[in-house]
Amino acid sequence: MKLQLNIQPLDSWINIKNEPLLISGPCSAETEDQLLSTAHLLKATGKVSVLRAGIWKPRTRPGEFEGIGSIGLQWLKRAKEETGLPTAVEVANAKHVEEALAAGVDILWIGARSTVNPFTVQEIADALQGVDIPVLVKNPVNPDLQLWIGALERINKAGITKLGAIHRGFSSFEKSAFRNEPMWELAIQLKTLCPELPIINDPSHICGNRELIPYISQKALDLDMQGLMIESHLDPSVAWTDAKQQVTPAALAEMVSKFTLRQPESKNEEFTDKLADLRKEIDKIDDLVLQKLAERMSITQKIGEFKRDNQVTILQVNRWDEIMQKRTSFAKALKLDVNFTEKFLELVHGESIRRQTEIMNAGKAEAGIAAEAHVETK
Numbered sequence: 081m082k083l084q085l086n087i088q089p090l091d092s093w094i095n096i097k098n099e100p101l102l103i104s105g106p107c108s109a110e111t112e113d114q115l116l117s118t119a120h121l122l123k124a125t126g127k128v129s130v131l132r133a134g135i136w137k138p139r140t141r142p143g144e145f146e147g148i149g150s151i152g153l154q155w156l157k158r159a160k161e162e163t164g165l166p167t168a169v170e171v172a173n174a175k176h177v178e179e180a181l182a183a184g185v186d187i188l189w190i191g192a193r194s195t196v197n198p199f200t201v202q203e204i205a206d207a208l209q210g211v212d213i214p215v216l217v218k219n220p221v222n223p224d225l226q227l228w229i230g231a232l233e234r235i236n237k238a239g240i241t242k243l244g245a246i247h248r249g250f251s252s253f254e255k256s257a258f259r260n261e262p263m264w265e266l267a268i269q270l271k272t273l274c275p276e277l278p279i280i281n282d283p284s285h286i287c288g289n290r291e292l293i294p295y296i297s298q299k300a301l302d303l304d305m306q307g308l309m310i311e312s313h314l315d316p317s318v319a320w321t322d323a324k325q326q327v328t329p330a331a332l333a334e335m336v337s338k339f340t341l342r343q344p345e346s347k348n349e350e351f352t353d354k355l356a357d358l359r360k361e362i363d364k365i366d367d368l369v370l371q372k373l374a375e376r377m378s379i380t381q382k383i384g385e386f387k388r389d390n391q392v393t394i395l396q397v398n399r400w401d402e403i404m405q406k407r408t409s410f411a412k413a414l415k416l417d418v419n420f421t422e423k424f425l426e427l428v429h430g431e432s433i434r435r436q437t438e439i440m441n442a443g444k445a446e447a448g449i450a451a452e453a454h455v456e457t458k
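Quick note: the sequence shown uses our numbering, first residue 81, plus one each step.
Spelled out as structure tokens, the structure:
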């Protein structure tokens, strides 16, 4: 089911100076000189469309630098006057919204820590009633697509039609090279549900370090995301917040110049015909895969009935280990990614367990319903 949002196209509310759309600026506005100097250097690259800066910074623990506060809005206003770049800031409550609007901020964004809380999002939405300003909504900290959608819907219902999403990755207990796991599939699901919704990637927060930013940025562009939000600082080595993930304006310009921009479609007839043929082959294989999965589940059901009749537990750990070892080895031989294979097998195994559980408990459920009916008639 498609997501119904009343929104305007991105290029109707952001003047994209150079592709890709690039929103950049320091993680935090620290001093007036730091913000103005960085803004002028970013303007000089000719590649930045919007200047961003953190004014209020929600930190994990108290005692850390939590943003310069409202005075930073005046610095941002001056930066806009001197460079001509529209400005963007994060807002986390109604007071932030009021102060940002009063200072002439052009674009607001809602951070991941705010998106996770519907009360906070609704407070911001209420403060935006009757206001015509672009709002970008970052994904929530945890991988919950419905929370992300809910936040977008709340802001849209407040009358905001200049609306977009920011994909900044998700928290995960698993250790990896990233600060926040990209979990691209969630951003893709959102795009599938609402194709007209602009999605901007935030590689700075996904990566947590500047070395990985080019890789994530290129992948985001290859997935047809509409732009990038990359943190840039005059001198990242002395940044007061998130020093490792910020880049200098010069490094940013060099990085962006190396991106490969691809089109979502081609007008070349030969390409279109060949792509259509290949997709037909995929469709046939997908049908076969689903058919085989259905056959497998049918056998799983028979196994569940057999276990039930012989009082055997559903989970057989040794059997599961055997399946994983054999199938992953086979997958390697077929040049399939091991992580993909493991996730696929876990999904299939989970569905097998669910079906066998239903079979095991079918009699008990029926007995419970009959017992309740007997009690009610007494």
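C-beta: ideal position from N, C-alpha, C; glycine also. Remember, it's a predicted structure, so these values are computed and weren't measured experimentally.
Three-state secondary structure (DSSP) at residue i?
{"i": "F386", "result": "helix"}
{"i": "F258", "result": "coil"}
{"i": "V327", "result": "strand"}
{"i": "H313", "result": "coil"}
{"i": "V455", "result": "Residue confidence is low: V455 scores 46 on pLDDT, short of 50, so the model does not pin down where it sits. Its coordinate-derived value is still stated next. DSSP places V455 in helix when its eight states are reduced to three."}
{"i": "A205", "result": "helix"}
{"i": "R434", "result": "helix"}
{"i": "M81", "result": "coil"}
{"i": "P198", "result": "helix"}
{"i": "D322", "result": "coil"}
{"i": "I362", "result": "helix"}
{"i": "S346", "result": "coil"}
{"i": "G60", "result": "In the structure displayed, the chain extends from 81 to 458; residue 60 sits before or after that span and is not available."}
{"i": "D357", "result": "helix"}
{"i": "F145", "result": "coil"}
{"i": "F424", "result": "helix"}
{"i": "K271", "result": "helix"}
{"i": "D91", "result": "helix"}
{"i": "R376", "result": "helix"}
{"i": "A447", "result": "For A447, the predicted structure reports a pLDDT of 45, less than 50, and the residue's modelled location is therefore unreliable. A value from the coordinates is still provided. Correct three-state label for A447: helix."}
{"i": "R158", "result": "helix"}
{"i": "C287", "result": "helix"}
{"i": "N419", "result": "helix"}
{"i": "T340", "result": "coil"}
{"i": "A183", "result": "coil"}
{"i": "I439", "result": "helix"}
{"i": "Q391", "result": "coil"}
What is the residue span of the alpha helix (DSSP H) that residue i lies within?
{"i": "S194", "result": "192-195"}
{"i": "N173", "result": "Note, N173: premise wrong, no alpha helix (DSSP H); not H, not E."}
{"i": "I293", "result": "293-302"}
{"i": "V397", "result": "397-413"}
{"i": "G230", "result": "225-237"}
{"i": "K123", "result": "112-125"}
Please name the residue, chosen from the options, that lies closest to residue i on a Cα-to-Cα basis.
{"i": "M263", "options": "P294, V221, N289", "result": "V221"}
{"i": "R290", "options": "E276, S317, Q325", "result": "Q325"}
{"i": "V217", "options": "H247, A238, H120", "result": "H247"}
{"i": "P138", "options": "T118, L225, E112, A172", "result": "A172"}
{"i": "I235", "options": "L355, P198, T328, P223", "result": "P198"}
{"i": "V397", "options": "N390, I433, L368", "result": "I433"}
{"i": "R388", "options": "E438, R359, A413, A356", "result": "E438"}
{"i": "T272", "options": "I286, P294, L314, D304", "result": "D304"}
{"i": "V130", "options": "G164, C287, M335", "result": "G164"}
{"i": "Q298", "options": "P316, E385, L314, S337", "result": "S337"}
{"i": "A323", "options": "S117, L414, P100, F145", "result": "F145"}
{"i": "R407", "options": "E422, F386, L395, I394", "result": "E422"}
{"i": "A180", "options": "L292, R193, V215", "result": "V215"}
{"i": "E233", "options": "D367, A182, L277", "result": "L277"}
{"i": "W228", "options": "A413, A168, V201, A411", "result": "V201"}
{"i": "G143", "options": "L332, F386, W320, A333", "result": "W320"}
{"i": "R342", "options": "I286, P100, I403, V177", "result": "P100"}
{"i": "Q381", "options": "F424, M440, F339", "result": "M440"}
{"i": "H285", "options": "P329, A257, D401", "result": "A257"}
{"i": "T118", "options": "A333, L373, E402", "result": "A333"}
Looking at the strands, I want to know which residues DSSP matches up with residue i.
{"i": "G307", "result": "L101, I280"}
{"i": "G164", "result": "Bridge partners of G164: none, in fact."}
{"i": "L216", "result": "W189, G244"}
{"i": "F250", "result": "E261"}
Kindly indicate the opening and closing residues of the beta strand (DSSP E) around residue i.
{"i": "V130", "result": "130-132"}
{"i": "I246", "result": "243-247"}
Less than 8 Å between CB atoms is the rule here; does residue i satisfy it with respect to chain D?
{"i": "T408", "result": "The structure shown contains no chain D; it holds only a single protein chain."}
Cβ contact check for the stretch 344-351 and the stretch 308-321: 3 or more pairs under 8 Å: Three or more beta-carbon pairs separated by less than 8 Å are not found between the stretch 344-351 and the stretch 308-321, which leaves the two stretches without contact.
Any chance the stretch 185-192 sits against the stretch 107-126, with 3 or more Cβ pairs inside 8 Å? no
Using 8 Å as the cut-off, can you tell me whether the stretch 204-215 makes contact with the stretch 137-152, which would need three or more C-beta pairs spanning the two stretches below that distance? By the criterion of at least three beta-carbon pairs nearer than 8 Å, the stretch 204-215 is not in contact with the stretch 137-152.
Between the stretch 371-381 and the stretch 422-433, do three or more beta carbon pairs fall short of 8 Å? yes
Below 8 Å, can you find three or more Cβ-Cβ pairs linking the stretch 239-249 to the stretch 84-93? yes
For the structure I just gave you, are there three or more beta carbon pairs, one from the stretch 128-137 and one from the stretch 102-114, closer than 8 Å? yes
Decide yes or no for the touch test of the stretch 357-370 against the stretch 408-419: beta carbon pairs closer than 8 Å, at least 3 of them. no
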